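So the structure is just underneath, and the comments pick up after that.
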Amino acid sequence: MASKNNLPYRLLFIESVCTDEAIITENILRSKCENDDFKGVKNTNEVIAEFHERIEQYEKVYEPLEPSEGVSYIKIINVKRHVILHKVHHGLGSRIAFFLLNLHPVAFPIFIALPGETIGDEKKVFGGDERLTVRGEAYARALKQFIQDRIVPNMIILHGTNNSVLHTLRPLLEDEMSP
Numbered sequence: 009m010a011s012k013n014n015l016p017y018r019l020l021f022i023e024s025v026c027t028d029e030a031i032i033t034e035n036i037l038r039s040k041c042e043n044d045d046f047k048g049v050k051n052t053n054e055v056i057a058e059f060h061e062r063i064e065q066y067e068k069v070y071e072p073l074e075p076s077e078g079v080s081y082i083k084i085i086n087v088k089r090h091v092i093l094h095k096v097h098h099g100l101g102s103r104i105a106f107f108l109l110n111l112h113p114v115a116f117p118i119f120i121a122l123p124g125e126t127i128g129d130e131k132k133v134f135g136g137d138e139r140l141t142v143r144g145e146a147y148a149r150a151l152k153q154f155i156q157d158r159i160v161p162n163m164i165i166l167h168g169t170n171n172s173v174l175h176t177l178r179p180l181l182e183d184e185m186s187p
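For the sequence shown, the residue numbers in my numbering are 9 to 187.
The structure is reproduced here in structure tokens:
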């Protein structure tokens, strides 16, 4: 899709589909019962029934990814029982697939972010280990704020070791390193 529109990036869709009733119920019990929408509801059967109604509404409008669309995607069905990589031709897509396949189905958010813009990016020279541009530094500060706005206890950050990644993470790590 991105190449058809001459966009300077590649799109990779990630779709997770679950049709296994046992997995759906376990997920509802593990994550939804503590959701703000259901606070105060003591009967877990009510929560399960209500969430099943929501799923039915989502299913009415949901459009699954299909090979005929011609886009790159990773489709995970029933928590890794079946995995489809469609038109995933680049290394980052393969690494994302590997990462997703090594996750355990627990209720926590996953954020994926690229490093801030580098001097090399600005010059359209990719693959170097350059310093961040002013926009890259602004992105790094915005990424820090984005993460801080979402209180995630015991957060783990998986990251590369090249300079652009480390400079992007620097604002986030400064708070941790100060006395």
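Even for Gly, the Cβ is constructed at its ideal location relative to N, Cα and C.
Nothing here was measured: the structure is a model prediction, and the numbers come from that model.
Review point. With 16 as the cutoff for other CB atoms within 10 Å, does V49 come out buried or exposed?
Key: Only exposed fits V49, as fewer than 16 other CB atoms lie within 10 angstroms of its CB.
Review point. Pick from K47, V25, I31, I32: whose alpha carbon is nearest that of E71?
Key: The residue with the shortest Cα to Cα distance from E71 is V25.
**Study point:** T27 classed as buried or exposed, judged by whether at least 16 other C-beta atoms fall within 10 angstroms
**Key:** So T27 ends up on the exposed side.
Practice item. Answer yes if the segment 117-127 comes into contact with the segment 74-93, meaning at least three C-beta pairs across the two stretches below 8 Å, and no otherwise. Key: The answer is no - the segment 117-127 does not touch the segment 74-93, with fewer than three Cβ pairs under 8 Å.
**Study point:** Candidates A105, I31, L122, E77, of which the one nearest Y17 by Cα
**Key:** The residue with the shortest Cα to Cα distance from Y17 is L122.
Practice item. Can you grab the Cα-Cα spacing for the pair G78 / K95, in whole Å? Key: C-alpha separation (whole angstroms): 8 Å.
Exercise for review: Express the C-alpha separation of V55 and V173 in angstroms, rounding to a whole number.
Suggested key: Rounded to the nearest angstrom, the two C-alpha atoms are 42 Å apart.
Practice item. Pull up the DSSP beta-bridge partners for F21, would you. Key: Residue pairing from DSSP places F21 in a beta bridge opposite Y81.
**Study point:** N-terminal and C-terminal residue of the beta strand (DSSP E) that L93 is part of
**Key:** Run containing L93: 90-94, per the beta strand (DSSP E) assignment.
Check your understanding: Using the rule of at least 16 other Cβ atoms within 10 Å of the residue's Cβ for burial, across every protein chain shown, is L151 buried or exposed?
Key -> Result: buried.
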